[in-house]
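Undergrad: Respectively, the protein sequence lines represent chains X, F, H and Y. Residues in the first sequence are numbered consecutively from 1, following the working numbering. Residues in the second sequence are numbered consecutively from 1, following the working numbering. Residues in the third sequence are numbered consecutively from 1, following the working numbering. Residues in the fourth sequence are numbered consecutively from 1, following the working numbering. Every residue gets a Cβ at the ideal spot worked out from N, C-alpha and C, and that includes glycine. Fair warning: this is a prediction, and the values are worked out from it, not measured in the lab. Pasting in a structure now, in structure tokens, and then I'll have a few things to ask.
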Amino acid sequence: MQAEERKLQFADVNDDVVRSLVVTGRNYYIALAIAVLVTLSCFFFPWFYQLYYGIGAAGNNHPAVWGTYLASFIFWIGLSHSGTLLSCVLHITNSEWRKAMYRSAEAMTLFSLMVAATMVMVHVGRPWFIHWAAPYPNQMELWPNFRSPLLFDVMAIATYLTGSSIFIYMGSIPDFAAVRDRTTGWRHHMYVLLSLGWRGTDTEWHRLGWAYTFLAVLIIPLAVSVHSIVSWDFAMSIVPGLHQTIFAPYFVVGAIYSGTAGIVTVMYVLRKYMNFEQYITKLHFDNLGKLLIVLSLIWTYINVLELFTGWYSGTSTEYEQLKYKLFGFYAPLYWEMILFCAALPLLMISRRIRTSFFPMLLISVAINIGMYTERFLIVATTQSRQYLPDAWGVYIPSLVEISIIVGSLALFTTLFLIFVKIVPSVSIYEVKETMATPKPEKGGSEWQATH
Amino acid sequence: MSKVDRREFLKLVGAGGVGAGAGFMLAESLKHPTEFLIPYPVPPEEFSPGIATWYNSVCGMCPAGCGISVRTREGRAKKIEGNPSHPVNQGRLCALGQAGLQVLYNPDRVTAPMLQHGDRGSDAFIQTTWEDGLSSVAEHLATARDSGIYFLSQGVRGHLAMLLELFMGELGSEHLLHHDFAHPHSLYAANSRLFGEDHLPYYDIRNTRYLLSFGADYLNNWLSPVHHSLGFGHSRQGNGATRGRFVQIEPKMSISGVAADEWVPARPGTEGILALGLAHRIVAGSAYAGDDVDDWAAALAPYTADRVAEQSGVPAETIARLADEFAGAEPGLAIGGGAAGDHTNGVDTLVAVNALNYLAGNIGKPGGVVFNPGPVTGGPANKRQANYQAMQDLAENALRGEIDVLIVNNTNPLFTLPRAAGLSEALEAIPLVVSLSSFVDETTAMADVILPSHTYLESWGDDMPQPGVGFSVGAISQPVVSPLYNTRATGDIILGLAGKLGLNQALPWTSMEDCLKDGWRQIFTRGSAETENFDAFWRDVLVSGVWGENRRRTDAIVIDKRVIDDIGVAEPEFSGERDEYPFILHPYLSTAMYDGRGANLPWMQELPDPMSSIVYGSWVEINPTSAGEMGLEDGDLVRITSEHGSIEAPVLIFPAIMPDVVAMPIGQGHDALGRYARNRGANPIQILAPITASASGSLAASATRVSVSATGRRAAPVKTGGVSRQLGRDIVRSTGGDATPDGHDARLNSIPIKVKSV
Amino acid sequence: MSVSIVPTLRVLLPAARIALVGLLGLIAGFFANAAFFPGTSPEQPIAFSHRIHADENEIPCLYCHVQARRSISAGVPSVNKCMGCHNEVATDSPQIRLLTNYWETKEPIPWIKVHDLPDFVHFTHKRHVAADIECQTCHGPVETMDVVSREAPVKMGLCLACHKEEEVEHGTDCWTCHK
Amino acid sequence: MSFMERFVSSWRKFRTPGYYDEFDYAWGMTIDLDRCTGCKACVTACQAENNIPIVGEKALARGREMQWIRIERYWEGEYPNVRLRFIPLLCQHCDAAPCETVCPVSATYHNQDGLNVQLYNRCIGTRSCAVYCPYEVRYFNYYDHHWDAPLEQQLNPDVTVREKGVMEKCTFCVQRIRQAKDHAKDDGQRRIKDGEVQPACVQTCPTEALVFGDRNDPESEVSKSMHDPRAYRVLGELNTLPSVVYLKKVDADAG
């Protein structure tokens with residue numbers, strides 16, 4: 001492609017990045033406007049209606065009291081996963097190709113976590129009392145229930161959110177400084193505050209590098225634990241189909257899987273609409289594609305395992321559960337999930353597909369649709385078929401729920417659109433690291449971009 | 001720091017102001033709304049705020065006459081429970097009885113006297129005063145021909161019945177009719193034929209060891225369900241070693257059929273033949289050794305096992321087994337009623353069942369049929385009950401213009417009579433229709449004047465339960481709350497009319513309460529009460545809510561030879577041809593709504609039907625095989641057509657019903673009776689054929705043939721239940737007859753229930 | 001090019017000032033409302049003075065609030081109880097005329113609740129009177145008030161403190177007080 | 001006691017297996033399936049006693065019924081050898097209740113009377129307890145329910161009316177237990193006698209299939225019938241240790 005041949009220079013990097021922040025086209029504003037509009041109409045309006053009317057606005061019933069809100073919650077947590085995790089892993093194994101994409105990946109983490117948190121608020125019956133889930137001394141002398149997996153969950157997510165936001169912020173301090181030095185007016189002032197007076201001395205660079213690596217190491221186990229804990233919300237119940245030891249790894253893998261796919265999607269968009277062709281290249285898609293195949297295989301393996309637990313259990317409860325999943329009311333969704341998450345990704349075995357952008361986009365989107373379905377099925381099928389057959393029932397999401405799913409996507413998009421205009425969505429200095437320093441005798445004007 | 005210039009300052013002031021305002025409103029919004037403490041001008045004697053007061057009274061939801069005690073707080077009724085000292089229900093109560101509160105607090109009650117100001121049924125009622133209402137009715141009564149005055153009441157007992165008698169007597173009219181859909185006419189007829197008594201005996205289920213029930217849903221709505229349930233429970237597990245055995249013979253499994261140890265499906269209308277088959281076996285097998293055995297043998301000769309088996313569809317060996325078990329049981333009891341009595345041969349059937357008791361020697365002994373003493377006081381209970389014949393006469397007379405005034409009291413014949421009776425046209429022909437109902441039901445909607453009566457929780461009354469419990473029982477029904485609306489007790493309305501008509505000599509009382517006290521003076525003078533003076537006695541009765549005297553009947557029963565000779569049950573006749581109308585319609589009283597009076601109570605609408613878990617609506621039950629043949633599935637809307645009309649209802653595939661029978665619950669299908677009942681489900685009574693049980697003249701409700709045809713539409717009824725199969729999960733466990741321990745002991749949990757020394 | 005933060009702060013100062021003042025206003029407004037319009041001493045239909053009755057004339061609380069001894073609610077005296085004395089006592093004072101007016105028209109007096117507990121709280125006066133708890137513990141020094149106002153904050157903290165101190169049997173179990 | 005001490009002590013208490021031996025009362029119920037006729041009197045009694053809302057046809061069609069005690073039905077066999085089994089299901093007040101561990105705000109917990117407490121005003125409506133409960137006896141308020149006037153005058157003042165977004169379930173009629181305790185205290189600080197307190201369902205059961213009492217009192221009706229050879233616990237294999245014990249139905253013909 002053209003971009004590949006072009007000789008890249010330090011100056012260009014700065015220019016490109018700053019341009020992406022300062023110069024804003026009409027399309028951006030249109031996109032932002034649409035995103036905001038959809039967020040308001042499809043997320044906040046239905047939510048307020050539900051607050052006024054009660055959870056009855058959703059399709060939940062007896063016995064299926066959990067619904068798409070929880071599914072969305074897991075979905076967003078999952079999406080949050082590879083961002084920071086991947087970036088950390090790749091940072092430690094210092095693989096070059098990470099450097100162009102990790103910023104946007106981490107941003108994805110941040111925002112999907114935020115959306116996930118709002119999904120919790122949407123899910124509970126009395127969100128105005130949600131603070132009771134936080135441990136603080138009060139006149140009622142009441143504390144949250146520390147035995148509750150839901151409480152573990154709150155803690156874990158809070159920690160992960162804090163961790164990854166510090167991580168992304170610390171990573172972008174030098175870039176803030178760089179941008180600070182090239183901007184004027186309110187932007188300048190903003191970046192003055194954000195860059196914490198970064199001067200670029202060796203000590204600063206040294207400390208930054210050290211702290212950054214330290215955080216990276218810290219966050220990896222954290223990220224893994226977060227989704228294990230999310231899985232415990234389900235696995236610690238005794239509901240047939242949920243009460244399974246495989247759930248923690250299952251959720252972690254699923255999370256990384258959908259997260260990676262999410263990164264592919266986001267990178268495609270950045271590349272296409274913010275002209276980062278030089279930075280986000282076939283290489284990235286290729287590597288991510290390989291990762292995706294591995295993940296999809298592991299994921300499929302665990303799904304097959306699940307079938308066996310039901311089949312070999314010999315108890316009516318587990319067996320009915322399995323039958324219902326495969327051939328029951330929700331069966332079409334199940335097979336759709338298998339198609340999108342187990343079959344389709346195998347296409348990426350061919351390098352041609354991995355290195356061609358649009359098919360990768362399609363596959364990545366398909367994977368995330370499939371993964372959403374998976375989360376929905378985990379919630380819906382298990383609750384519809386529990387211990388007492390005469391209490392069985394079917395749950396169908398209501399319009400409000402569906403519109404909130406759409407709305408949450410828009411919310412995510414809005415946050416991301418705002419982000420790309422404030423934070424350099426490609427790490428300036430790390431991209432530079434990937435390029436050779438200028439040779440003195442040549443007068444510092446010509447050098448080769450090395451990948 | 002830069003100094004603040006003017007614009008800056010203004011900004012600050014603005015910000016501060018806005019902030020302060022917001023803060024103020026925030027605090028305001030968090031305040032608790034004002035509440036009031038309203039003291040009484042004069043505190044009432046009986047109750048004090050925050051403390052519950054209990055009043056004993058009588059349940060008015062069905063004719064069983066259970067005693068209730070109502071919990072009230074701050075002068076409002078909060079909960080109805082059974083009256084522990086009442087012998088009929090002994091502190092227990094059924095679902096319908098519990099829901100009585102929603103009759104009292106029903107949003108659709110008639111709150112004041114009403115005059116119809118449009119054409120009938122136009123629901124253009126306009127409020128009026130009692131004075132005007134009563135006098136307008138009184139005028140009509142005064143001008144009407146004596147024989148042209150008809151009074152149609154729900155089945156009432158005790159002094160209200162007596163009051164009605166007097167009132168109509170004074171008016172010189174013979175036409176006082178009580179109408180209950182579920183009144184067991186055939187049973188009364190059968191008893192009077194065999195035993196020569198016009199009131200029911202007491203069926204001692206409690207002490208019986210073997211109950212043979214021919215179509216009587218005794219646990220659900222037959223005669224006195226709560227009392228029967230008490231007996232059932234005791235007979236099952238209350239007796240230590242011996243456990244009563246229960247057999248139910250009916251075409252469609254009822255609640256009693258579920259509870260029974262054995263459910264025997266017999267062709268509709270052949271229960272009597274089956275009974276005689278058993279009798280034949282008993283006599284032939286010389287299990288019976290009375291001196292009239294030869295007469296019996298002669299009378300029962302034709303009912304050989306094979307013939308009976310052929311007619312009833314019950315295998316001969318089953319018949320033999322049942323007969324031997326029944327004859328061998330000490331004591332056993334055979335009861336018959338419900339659908340079995342609602343056939344053209346109904347009376348003969350029930351006679352046959354009683355004969356069975358006689359032959360097994362269950363008459364007049366504990367665990368068998370015990371005879372009740374006659375009613376202590378008040379009007380006659382049964383003789384005024386209008387069977388279908390009488391209702392049809394009423395309709396015809398109306399059309400012939402012989403009825404000037406019809407007074408309807410809390411009964412709803414337009415709902416509980418088949419359309420074929422032509423009552424709605426008849427009402428059109430009556431110049432003045434007065435309704436004393438508390439609700440605008442179908443019949444009241446056709447009235448010209450509504451003089452709304454109290455609910456039973458607001459009014460004075462008394463009740464002598466029918467059937468008794470083997471000895472004389474009387475209960476006072478007293479107001480538990482002050483009337484909610486501008487209504488009056490039925491008795492007071494009657495007295496009011498009497499006053500307007502100048503009948504004060506015959507009806508001297510100022511209020512129903514007086515009338516009661518007068519009546520109960522007689523009971524007091526019967527001497528069985530050990531209190532010294534009447535006031536004390538009266539107070540005691542009000543406190544305990546019930547009075548009884550321990551005088552039991554001991555007279556032996558001899559059956560006239562002629563009765564024995566013409567014992568016999570004919571084949572039942574049905575309306576409609578088998579090939580055109582392949583199914584026999586089996587309408588049954590639903591648990592929640594009884595004969596439809598419960599349909600306006602939200603609790604009863606939301607009470608899932610025990611067998612189908614369906615709420616809010618009606619359905620038609622079809623055997624799986626016959627449904628399969630017609631390609632019907634659960635929830636398909638079908639049209640049920642008889643010779644006399646057709647209704648639509650969704651199909652419920654029902655495992656426990658005979659292939660050529662379809663069953664429908666009664667109760668839904670109102671087109672009046674308020675927001676909860678209106679336009680919901682279908683009313684099977686409407687399409688019943690106007691054929692009667694020959695000997696009693698009562699409606700043969702189970703003798704209508706129908707055809708079932710798919711409409712192609714679906715209307716899946718609302719169910720609360722899911723899949724009603726256990727799938728081997730061992731949720732409801734059962735053990736062998738001898739109830740031996742088989743390791744499933746509650747103590748055998750991983751953490752045993754230790755016992756703390758108290 | 002400067003990395004100094006000072007110019008930025010200079011730019012931000014006005015905005016910061018406005019925000020700060022706004023916040024202060026918010027807090028001030030909130031507490032102003034709470035302080036000057038507490039709503040804990042509403043105006044009653046009759047200006048009944050507990051000081052005169054309970055303090056000067058030393059009428060015991062339970063004489064009028066007789067229910068407190070045997071019921072969950074203390075209740076207010078019925079109008080005829082008031083009239084019991086006020087047939088003779090102070091019949092000519094304007095407030096008493098209001099009372100007699102209610103009495104003659106047989107109308108109840110719409111007293112406004114001062115101490116009010118949420119619907120989900122089960123509090124029984126009976127038990128607390130039986131345990132010889134001074135009414136003042138929860139209701140404050142009512143006998144000193146001309147217009148009754150909610151002095152003691154009747155909140156869960158108050159209940160718990162006492163229940164702990166007195167070591168009430170199962171005093172901290174939620175279902176002891178919540179229904 | 002400082003917070004820490006209290007925390008430690010209760011921690012110890014709740015760690016020991018069978019901690020409920022220390023219960024003051026241990027309320028329990030037995031249900032004799034051989035007596036139960038499925039007449040549903042208990043259901044309505046419960047509705048009346050506990051202000052259970054009338055949810056309406058639409059909500060019921062969406063499967064949002066509210067019955068703290070419901071009667072499940074299980075068919076066995078096919079016509080003509082078919083029989084129906086009824087089983088009343090209410091909150092089993094498990095001594096090892098799954099719902100109690102999951103509630104993040106401790107809105108449901110086990111109290112000293114062996115009752116599984118549901119605290120409406122603490123509940124934030126995560127609904128996880130309903131998912132964790134294998135007996136499906138927890139019901140959620142999807143709306144603010146209203147009663148057509150004057151039906152609301154029937155509401156029991158001793159029981160709060162639950163607002164939207166709150167989980168609710170059978171309480172063994174705790175308001176009646178409270179009342180009984182109150183009387184017992186007035187009556188010289190004695191304990192509650194056996195049979196002195198009965199939940200609405202037990203009180204009204206026409207066949208006397210339900211028995212309620214104190215498991216800790218060996219003389220009580222309920223302890224006796226819990227040791228009946230027919231006694232078993234529904235889903236006992238889950239070892240949730242219910243306080244509700246069922247007595248097996250007797251199949252006279254099964255031999």
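Would you kindly report the start and end of the unbroken beta strand (DSSP E) that includes N116 of chain Y?
TA: For the purposes of this step, residue 116 of chain Y is taken as the residue at position 116 of the fourth sequence. First-last of the beta strand (DSSP E) with N116 of chain Y: N116 to Q118.
Undergrad: On the DSSP bridge list, what partners appear for I5 of chain H?
TA: Numbered from its first residue, the third sequence carries residue 5 of chain H at position 5. In the DSSP output, where bridge partners are listed per residue, I5 of chain H has none listed.
Undergrad: Report the three-state DSSP secondary structure of H159 of chain F (helix, strand or coil).
TA: Position 159 of the second sequence, counted from the start, is the residue given in the question as residue 159 of chain F. H159 of chain F falls in the helix class under three-state DSSP.
Undergrad: What does the Cβ neighbour count give for Q189 of chain Y, buried or exposed, with the cut at 16 atoms within 10 Å?
TA: In the fourth sequence, residue 189 of chain Y corresponds to position 189, counting from 1. The residue in question, Q189 of chain Y, is exposed, as its Cβ has fewer than 16 Cβ neighbours within 10 Å.
Undergrad: Whole-angstrom Cβ separation of V766 of chain F and V569 of chain F, contact assumed at under 8 Å?
TA: Outside the shown range of chain F (1 to 758) lies residue 766 of chain F, about which nothing can therefore be said.
Undergrad: Do we get a CB-CB distance below 8 Å when we pair Y120 of chain Y with the residues of chain X?
TA: Residue 120 of chain Y sits at position 120 when you count from the first residue of the fourth sequence. Cβ-Cβ to chain X under 8 Å: no for Y120 of chain Y.
Undergrad: What number of angstroms, rounded off, separates the C-alpha of W128 of chain X from the C-alpha of Y312 of chain X?
TA: Sequence index remark: in the first sequence, residue 128 of chain X carries index 128 (1-based). Sequence index remark: in the first sequence, residue 312 of chain X carries index 312 (1-based). Distance between the alpha carbons of W128 of chain X and Y312 of chain X is about 45 Å.
Undergrad: From the beta carbon of L115 of chain Y, is the nearest beta carbon of chain H less than 8 Å away?
TA: Position 115 of the fourth sequence, counting from 1, holds the residue named residue 115 of chain Y. Chain H, which has a Cβ nearer than 8 Å to the Cβ of L115 of chain Y, makes this yes.
Undergrad: Check for me: the beta strand (DSSP E) holding I126 of chain F runs from which residue to which?
TA: Mapped onto the second sequence, residue 126 of chain F falls at position 126. Unbroken beta strand (DSSP E) run through I126 of chain F: F125 to Q127.
Undergrad: Under the three-state reduction of DSSP, which class applies to W132 of chain X: helix, strand or coil?
TA: Here the question's residue 132 of chain X lines up with position 132 in the first sequence. Three-state result, W132 of chain X: helix.
Undergrad: Give the secondary structure of G474 of chain F by DSSP, where H, G and I count as helix, E and B as strand, and everything else as coil.
TA: Position 474 of the second sequence, counting from 1, holds the residue named residue 474 of chain F. Note: G474 of chain F maps to strand in three-state DSSP.
Undergrad: Just verifying my parser: in three-state terms, what is the DSSP assignment at H189 of chain X?
TA: As a first step, residue 189 of chain X must be located in the first sequence, where it is residue number 189. Helix, per DSSP.
Undergrad: Taking C-beta pairs closer than 8 Å, name the residues in chain F that R127 of chain Y reaches, listed in chain order.
TA: The residue you call residue 127 of chain Y lines up with position 127 of the fourth sequence. Here the premise fails: no neighbours, minimum Cβ distance about 19 Å.
Undergrad: Determine the extent of the alpha helix (DSSP H) in which P602 of chain F is found, giving its start and end residues.
TA: Translated into the one-based positions of the second sequence, residue 602 of chain F becomes position 602. Looking at the DSSP string, the run of the alpha helix (DSSP H) that includes P602 of chain F is P602 to Q605.
Undergrad: Looking at the strands, I want to know which residues DSSP matches up with V400 of chain X.
TA: Counted from its first residue, the first sequence places residue 400 of chain X at position 400. DSSP output for V400 of chain X lists no bridge partner at all.
Undergrad: Counting only beta-carbon separations shorter than 8 Å, does E204 of chain X have a partner in chain H?
TA: Within the first sequence, the letter at position 204 stands for residue 204 of chain X. Chain H contact via Cβ: absent.
Undergrad: CB P87 of chain F to CB V543 of chain F, shorter than 8 Å?
TA: In the second sequence, counting from the first residue as 1, residue 87 of chain F sits at position 87. In the second sequence, counting from the first residue as 1, residue 543 of chain F sits at position 543. No, they are not a contact pair.
Undergrad: How far does the alpha helix (DSSP H) with S229 of chain F in it reach, from first residue to last?
TA: Within the second sequence, residue 229 of chain F is the residue found at index 229, counting from 1. First-last of the alpha helix (DSSP H) with S229 of chain F: P225 to G233.
Undergrad: Whose C-alpha, out of F:V662, F:N623 and F:V558, is nearest the C-alpha of R639 of chain F?
TA: Here residue 639 of chain F refers to the residue found at position 639 when the second sequence is read from its first residue. Here the closest residue by C-alpha is F:V662.
Undergrad: State buried or exposed for M167 of chain Y, treating a residue as buried only when at least 16 other CB atoms are found within 10 Å of its CB.
TA: Residue mapping note: residue 167 of chain Y aligns to position 167 of the fourth sequence, counting from 1. Looking at its Cβ environment, which holds 16 or more other Cβ atoms inside 10 Å, M167 of chain Y is buried.
Undergrad: Please work out which residues of its chain come closer than 6 Å, Cβ to Cβ, to Y142 of chain Y, disregarding the five sequence neighbours upstream and downstream, and give them in chain order.
TA: Counted from its first residue, the fourth sequence places residue 142 of chain Y at position 142. Around Y142 of chain Y: R64.
Undergrad: Alpha carbon to alpha carbon, how far is L297 of chain X from I404 of chain X?
TA: On the first sequence, position 297 is the one that residue 297 of chain X refers to. On the first sequence, position 404 is the one that residue 404 of chain X refers to. L297 of chain X and I404 of chain X: Cα-Cα distance of roughly 31 Å.
Undergrad: For chain F, is any of its Cβ atoms less than 8 Å away from the one on K185 of chain Y?
TA: Start at 1 with the first residue of the fourth sequence, and residue 185 of chain Y comes out as number 185. With 8 Å as the cut-off, K185 of chain Y does not count as an interface residue toward chain F.
Undergrad: Using a C-beta to C-beta distance shorter than 8 Å, which residues of chain H count as neighbours of G75 of chain F?
TA: Looking up residue 75 of chain F in the second sequence gives position 75. None at all; the shortest Cβ gap to chain H is about 13 Å.
Undergrad: Could you work out which residue in F:P587, F:I363 and F:W222 is closest to G65 of chain F when comparing CA atoms only?
TA: For the purposes of this step, residue 65 of chain F is taken as residue 65 along the second sequence, with counting starting at 1. When only C-alpha atoms are compared, the closest one is F:W222.
Undergrad: Distance cutoff 8 Å, beta carbons only. Does S29 of chain F sit that close to anything in chain X?
TA: Taking the first residue of the second sequence as position 1, residue 29 of chain F is located at position 29. False, the Cβ-Cβ gap to chain X never drops below 8 Å.
Undergrad: Can you find a CB in chain Y that lies within less than 8 Å of the CB of W538 of chain F?
TA: Position 538 of the second sequence, counting from 1, holds the residue named residue 538 of chain F. Chain Y, which has no Cβ nearer than 8 Å to the Cβ of W538 of chain F, makes this no.
Undergrad: What in chain Y is Cβ-close to H128 of chain H, meaning under 9 Å?
TA: Translated into positions along the third sequence, residue 128 of chain H becomes position 128. Under the 9 Å cutoff, chain Y gives no residues; its nearest Cβ is about 12 Å from H128 of chain H.
Undergrad: Quick check on this structure: which residue in F:Y105, F:L212, F:Y456 and F:T304 has the alpha carbon closest to the alpha carbon of P150 of chain Y?
TA: Position 150 of the fourth sequence, counting from 1, holds the residue named residue 150 of chain Y. Nearest C-alpha to P150 of chain Y: F:Y105.
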